[in-house]
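Engineer: Quick one: the structure is below, and I'll ask about it shortly.
In the numbering used here, the protein residues as written are 6 to 84.
This is the structure in structure tokens:
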């Protein structure tokens, strides 16, 4: 009986996890829609004038948390 309860609780937690992950992905996609790459590039150019690559990319990702490190690095290459 107790193993059945554990299985049911585990399945419930898995469903909650899937639902939350789906919601997070939707929110991240919406954030990307709201911020334009030109806006991000302008911010990065402003940071690059005062900082080296790594601090500038860190500032960019702090300003735009929806950006991955790869996306931020690709923006850096456009400068």
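Don't be surprised by glycine CBs; every beta carbon is placed ideally from N, CA and C.
1) Would you call the CB atoms of residue 79 and residue 62 closer than 8 Å?
2) Could you check where the alpha helix (DSSP H) with residue 73 kicks off and where it finishes?
3) Hey, how far is the Cα of residue 39 from the Cα of residue 21?
4) Run through DSSP, which three-state label would residue 11 get?
5) If we call anything under 8 Å between Cβ atoms a contact, is residue 84 one with residue 49?
Structural biologist: Based on what the coordinates show:
1) Within the chain shown, numbered from 1, the residue matching residue 79 stands at position 74. Within the chain shown, numbered from 1, the residue matching residue 62 stands at position 57. Not closer than 8 Å, so no.
2) Position 68 of the chain shown, counted from the first residue, corresponds to residue 73. Segment: none, residue 73 is in no alpha helix (DSSP H) and carries neither H nor E.
3) Position 34 of the chain shown, counted from the start, is the residue given in the question as residue 39. Position 16 of the chain shown, counted from the start, is the residue given in the question as residue 21. Rounded to whole angstroms, residue 39 to residue 21 spans 27 Å at the Cα level.
4) Start at 1 with the first residue of the chain shown, and residue 11 comes out as number 6. Here residue 11 sits in helix by DSSP.
5) For the purposes of this step, residue 84 is identified with residue 79 of the chain shown, where counting begins at 1. For the purposes of this step, residue 49 is identified with residue 44 of the chain shown, where counting begins at 1. Yes.
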